[in-house]
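From first to last, the protein sequence lines stand for chains A and B.
For the first sequence, this note's numbering assigns the number 1 to the initial residue and increments by one for each residue that follows.
For the second sequence, this note's numbering assigns the number 1001 to the initial residue and increments by one for each residue that follows.
Inspection log for the structure reproduced underneath, given as structure tokens.
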Amino acid sequence: MESKQSQTVPWKQVQKGILKKQVTAMTEEGNIQASTRIKLLLVDDEEGFVNVIANRMSKRGIDATKALSGTDALKALRGQDFDVAVVDLKMQEMDGIELLRILKKMVPEMPVIMLTGHGSERAEEEGMEYGAFDYLTKPCELDELMQKIREALPRGR
Amino acid sequence: MHHTRSDDTDHRTALKRNVLSWSVFVAITPMILVSCIILYQYRISYHQRVNSHLEELINKHKQNIDTFLRERLGNIQDLARNFAFEQMSQEAFLQERLNILQRSYGPVFVDLGVINSKGVQVAYAGPFKLGHARYSDADWFQKVMENKSEYYKSDVFLGLRGVPHFIIAVKITSEGETWIVRATIDFVSFNTLVEKIRVGETGFAFILNKDGRFQTHAVHDVKPDKSPYSDFLNYNDEEKKHIHILERTDDSGNMNIYVAAFLKHGDWLLVYQQKASEAFFDYRRTVNVAVVIIMLGCLLILSTAILLSNKLVRLLARIDREKQMMNEQIVETGKLASIGELAAGIAHEINNPVAIMVGEAGWIEDLLEEEEFQASENLKEFRRSLKQIHIQGKRCKEITHKLLSFARKTGSRPQDINVNELMEELIALSAQRAKFSNVAIVTDFKDDIPSICVSQSELQQVFLNLINNALDAMEKDGGQIRISTKTEGNHVVVVVADNGPGIPSANLNRIFDPFFTSKPVGKGTGLGLSICYGIIKKMKGDIEVQSTTGAGTTFLVKIPLPED
Ligand SMILES: Nc1ncnc2c1ncn2[C@@H]1O[C@H](COP(=O)(O)OP(=O)(O)OP(=O)(O)O)[C@@H](O)[C@H]1O
Ligand SMILES: [Mg+2]
């Protein structure tokens, strides 16, 4: 965690400011322990969406690294390992499927959860073929996403 | 493209008239033409046959009569030549001769007389008291005396005795003496000769002399001074040698056939006449039968033509209707496609902001869990408000999802699907809600249904929509949904029937329209059935609805089996 990405700045603010007592709070809530915080790579070109998801996840024991594009995501990967990635299928520059293929080549052991639009079963099928762990239709509830992430992580984590 | 109904109807009536008149014309004309020609030929040959038959008949009779006359003349000539005047002028001898003649020829000879050149009858044998009658003034006597020929056959006349008869006179000149043997021919026996010429009921014959007087019993209807008799009588010598056949209408309007032959070297006219209706009876009957057959034929042709033209026009009307429907459908589909694209675009764009909004609301919720807010008076109100944002967000999601389904072009890849299994899954999925609405779902699946090759997610959506609609309809009062599957020809048929409130007939042809809904605002988007319709049409299948208000609604979905 020596070189944090610029995108994680809001998280820092959050940590410093509002959420000082987060660790206790989370243990109370039965969430994941602070010492074993999950490292998540969140890739979506919709900034507002990434921000709010990242904020809410931080309260639930997940450190989300935000990437607004495929290239950002690949950059982030160079610095650190992630436990799991959540990738939006529909992005401007590099689309989700392409990113998924690259991710699966670079870090095949990292599970990838896809976010898709409704009615894009073809893309979903394709994603599953390229080795995605599962998919979720946007807009999705945070709880659903948390559930999927938990499923995606290897047992014991 | 848009023309009015009455235009079409006018056009079709005109077409029908054309087809009808042409087919009738084309069929009937040759039939009538051929029939007429055949009948005409038949008429000619039949007339020829009848005419030649009559000609033969009359010729035979003419010869008969002529022979009769010639023979009777011969009898008298023999008499005059073989016996001398002295012998002949003895009445006893004469009587003996008469007896001999009467014995061999019957009562043909009435009497015999011998007249000297002065016109005095010197001997007489016969029933009348004609003793020494004087004939010097009699017409026939003068004719015989001045006549160059040796004999004379008179016309029928009354004479001294006042009874119709005619005479045969033979003039003999020997030893410078001229005398005459005269015989009276019985009118009755001559008459029977003619009157026995009877054919059928209306055919009869009679004889007229040059002046048009009857030489046989007078016939009431016959006016000898009128045509055609007068025409016959005016014939010249050459014409008199032949037999003539004529057809004329008489005064009473009957068509008659007349056969004329001349006897006695043109002195007498033998006329045979018969009603044409009788003479040509067979012909008439044949014509009548033919006419009846032709009429029946015409009737048959006419009715067939009417039937066919009606059928044709009905067919055309149906084709027109179908074409129009197809046009409308094409327009409709085009509209739908563009509406769909627009809707999908909007849905997609709205999805992200909504997701962020809901997310931020969630974030606020998270933050409210902080201690510093727990004391706030408005905490409860915050929570309620945030929950509302969540609920409305979900609603937005539902709407956008439906819009996207409606617009989407492809679902999951087609794969082999067992319809029964798919329906079982869907029923399991709906079981909770059905129980809640007090609705029983019963199934009637045929076992041996072949799999179909379609997109599973699309097919699921279709039947989920149908089941949901039925559940929606029966939410209040409960009821039953009956789902059955079967194969019909090369289609798999799935029927989803409920016994809910049904659909009013006014709505029935609108339920597949996008955004048509009878549900309250916020409850239904009206896209469910139009999505079903789009999906089933894309599968080249069919979806039909039957509904009776108060009795229930039945949706019938047909999906084609894969062609291998
Ligand atoms: N089984 C049924 N019984 C009675 N009415 C029906 C039934 N199915 C459909 N309808 C009528 O057809 C209308 C259109 O149905 P459709 O599924 O297209 O839209 P909806 O159900 O109103 O909305 P949505 O499906 O988006 O929730 C319904 O509003 C309802 O009036
Ligand atoms: Mg519906």
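Ideal Cβ placement from N, Cα and C applies to all residues, glycine included.
Using beta carbons (cut-off 8 Å, strictly below), is residue i in contact with chain B?
i	result
A:M139	Here the sequence assigns Pro to residue 139 of chain A, which means Met is not the residue at that position. So, interface residue.
A:L100	no
A:V23	Any answer about A:V23 is weak, because its pLDDT of 39 lies below 50 and its placement is not dependable; what the coordinates show is given next. It does not; no Cβ of chain B falls within 8 Å.
A:L136	no
A:I38	no
A:L145	no
A:L142	yes
A:K59	yes
A:E93	no
A:E129	no
A:N31	Because A:N31 sits at a pLDDT of 49, beneath the cut-off of 50, its placement in the model cannot be relied upon, and the point is left open.
Cβ-heavy atom distance between residue i and ligand 2 below 7 Å?
i	result
B:L1529	yes
A:G127	no
B:G1524	yes
B:N1469	yes
B:N1465	yes
So that I know if they touch, is there some Cβ in chain A lying closer than 8 Å to that of residue i?
i	result
B:I1467	no
B:K1538	no
B:E1381	no
B:L1464	no
Any heavy atom of ligand 1 closer than 7 Å to the CB of residue i?
i	result
B:S1405	no
B:T1553	yes
B:I1339	no
B:I1592	The shown model of chain B, from 1001 to 1564, leaves out residue 1592 of chain B, and the question about it has no answer.
B:A1473	yes
B:N1418	no
B:K1476	no
B:G1500	yes
B:F1516	yes
B:T1519	The displayed chain sequence assigns Lys, not Thr, to residue 1519 of chain B. Flag set: Cβ of B:K1519 near ligand 1.
B:K1402	yes
A:N55	no
B:N1507	yes
B:I1535	no
B:I1511	yes
Nearest CA to the CA of residue i: which residue from the options?
i	options	result
B:L1459	B:P1224, B:T1184, B:N1420, B:Q1329	B:N1420
B:S1457	A:L142, A:M114, A:E124	A:E124
B:L1386	B:I1364, B:I1100, B:K1210, B:K1394	B:I1364
B:F1555	B:A1470, B:Q1121, B:V1521, B:Y1151	B:A1470
B:C1036	B:F1109, B:I1065, B:D1010, B:T1286	B:T1286
B:Y1229	B:Q1273, B:V1026, B:G1200	B:Q1273
B:A1123	B:F1093, B:E1146, B:S1437, B:F1109	B:F1093
A:L68	A:L89, A:R60, A:E129	A:L89
B:A1027	B:D1186, B:N1051, B:M1295, B:D1111	B:M1295
B:D1498	B:H1053, B:N1075, B:D1472	B:D1472
A:G131	A:L145, A:E141, A:A152	A:A152
B:N1254	B:S1412, B:T1202, B:Y1235	B:T1202
Could you name the residues of chain A that residue i contacts, counting a contact when the two beta carbons are closer than 8 Å?
i	result
B:T1525	The premise fails here: B:T1525 is roughly 14 Å from chain A at the closest Cβ pair, so nothing lies under 8 Å.
B:V1354	P139
B:T1400	H118
B:K1397	P139
In chain B, which residues lie with their C-beta within 8 Å of the C-beta of residue i?
i	result
A:R56	G1359, G1362, W1363, D1366
A:G125	For the record, residue 125 of chain A in the displayed sequence is Glu; it is not Gly. Those within 8 Å of A:E125 in chain B are S1412, R1413.
Under 9 Å Cβ-Cβ, which residues of chain A neighbour residue i?
i	result
B:N1509	By Cβ distance, chain A contributes nothing, its closest Cβ being about 27 Å from B:N1509, past 9 Å.
B:N1351	G117, H118, K138, P139
Residues of chain B with a CB under 7 Å from the CB of residue i: which are they?
i	result
A:I53	G1359
A:F82	Here the premise fails: no neighbours, minimum Cβ distance about 21 Å.
A:G48	I1356
In chain A, which residues lie less than 7 Å from residue i when you measure between Cβ atoms?
i	result
B:H1348	G117
In the DSSP assignment, what are the bridge partners of residue i?
i	result
A:V86	A:L42, A:I113
B:T1548	B:G1552
B:T1067	Answer is none; B:T1067 lacks a bridge partner.
B:D1416	B:C1453
B:F1214	B:L1208
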